[in-house]
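Start counting the sequence shown at 3; every next residue gets the next number (the numbering used here). Beta carbons: idealized from backbone N, C-alpha and C, even for Gly. Worksheet: the structure to be examined is printed underneath.
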Amino acid sequence: MLNERVEKALNEQIKKEINSAYLYLSMATYFESENLNGFANWMKKQANEELNHAMKIYNYVFERGGRVELQAIEKPKCKWDSPLAAFEEAYNHERFITDSIHKLYELSLEEKDYATASMLKWFIDEQVEEEAQTEQIVNKIKLLSKSPNGLYILDKELGARD
Ligand code: OFO
3 MLNERVEKAL NEQIKKEINS AYLYLSMATY FESENLNGFA NWMKKQANEE
53 LNHAMKIYNY VFERGGRVEL QAIEKPKCKW DSPLAAFEEA YNHERFITDS
103 IHKLYELSLE EKDYATASML KWFIDEQVEE EAQTEQIVNK IKLLSKSPNG
153 LYILDKELGA RD
């Protein structure tokens, strides 16, 4: 049986993961309209990953005999000033998610829900990777924007994500 506070916070985290998917899919639409199909590909793959994160928690809640109650999600922003602005927002968003996962972990320890704390360890590790990869792309955009073919090269690289 899931603790009530933990169940509520897990439901909130499912919403945040679906929100992340929606935000990244919206960034994909921005990149498509800029003809940066590689950037769009990267964001679509990321949106799928976020849905997988949501489903991981969804399945866990039911496994523990809890209840999932899907929440309303906000309309995402749909335009950015530049590819750099979009990826900077993605990086900041990942930092926000990391903070949310850490708070959820602290809550599970406070409630002595060790099974949830253990499940969340996967997310803690995953966030290290999620922050690192978005920050790395931000840095690459900054570096490559100095060269005339920079965005094209990076678009090709991001298009290779499968
Ligand atoms: Fe991007 O890690 Fe989930 O939200």
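Whose CB is closer than 6 angstroms to a heavy atom of the ligand OFO? List the residues in chain order.
Glu-19, Ser-22, Glu-52, His-55, Glu-96, Ile-99 and Glu-132
Roughly how many angstroms lie between the CA atoms of Gly-68 and Ile-103, to the nearest whole one?
Residue 68 sits at position 66 when you count from the first residue of the sequence shown. Residue 103 sits at position 101 when you count from the first residue of the sequence shown. Spanning the two alpha carbons is a distance of roughly 19 angstroms.
Using the Cα positions of Phe-98 and Ala-56, report the straight-line distance between them to the nearest angstrom.
Counting from 1 along the sequence shown, the entry for residue 98 is found at position 96. Counting from 1 along the sequence shown, the entry for residue 56 is found at position 54. Their backbone Cα atoms lie some 16 angstroms apart in a straight line.
In three-state terms, what does DSSP make of Val-165?
Any answer about residue 165 is impossible in this case: the structure gives the chain only from 3 up to 164.
If distances are taken between C-alpha atoms only, which option among Gly-152, Gln-138 and Met-29 comes closest to Cys-80?
By one-based count along the sequence shown, residue 80 stands at place 78. Of Gly-152, Gln-138 and Met-29, the residue nearest in Cα terms is Met-29.
Determine the direct distance from the alpha carbon of Phe-33 to that of Asp-101, and round the result to whole angstroms.
Here the question's residue 101 lines up with position 99 in the sequence shown. Here the question's residue 33 lines up with position 31 in the sequence shown. Looking at the two C-alpha atoms, the distance is approximately 27 angstroms.
Check Asp-157 in the structure and name its three-state DSSP category.
On the sequence shown, residue 157 is found 155 positions in, with the first residue counted as 1. If DSSP states are grouped into helix, strand and coil, Asp-157 belongs with the helices.
If you follow the alpha helix (DSSP H) that Ala-30 is in, where does it begin and where does it stop?
On the sequence shown, residue 30 is found 28 positions in, with the first residue counted as 1. Unbroken alpha helix (DSSP H) run through Ala-30: 6 to 35.
Anyone know if the C-beta pair for Ile-21 and Glu-90 falls short of 8 angstroms?
Within the sequence shown, residue 21 is the residue found at index 19, counting from 1. Within the sequence shown, residue 90 is the residue found at index 88, counting from 1. With the sequence shown as reference, residue 21 is identified as Asn, and Ile is not the correct amino acid for it. No, they are not a contact pair.
For Asn-39, report the span of its alpha helix (DSSP H) as first-last.
Here the question's residue 39 lines up with position 37 in the sequence shown. From DSSP, the alpha helix (DSSP H) with Asn-39 extends over 39 to 65.
Nearest to Asn-141 by CA position, among Val-130, Pro-85 and Glu-19, is which residue?
Here the question's residue 141 lines up with position 139 in the sequence shown. Of the listed residues, the one whose Cα sits closest to Asn-141 is Pro-85.
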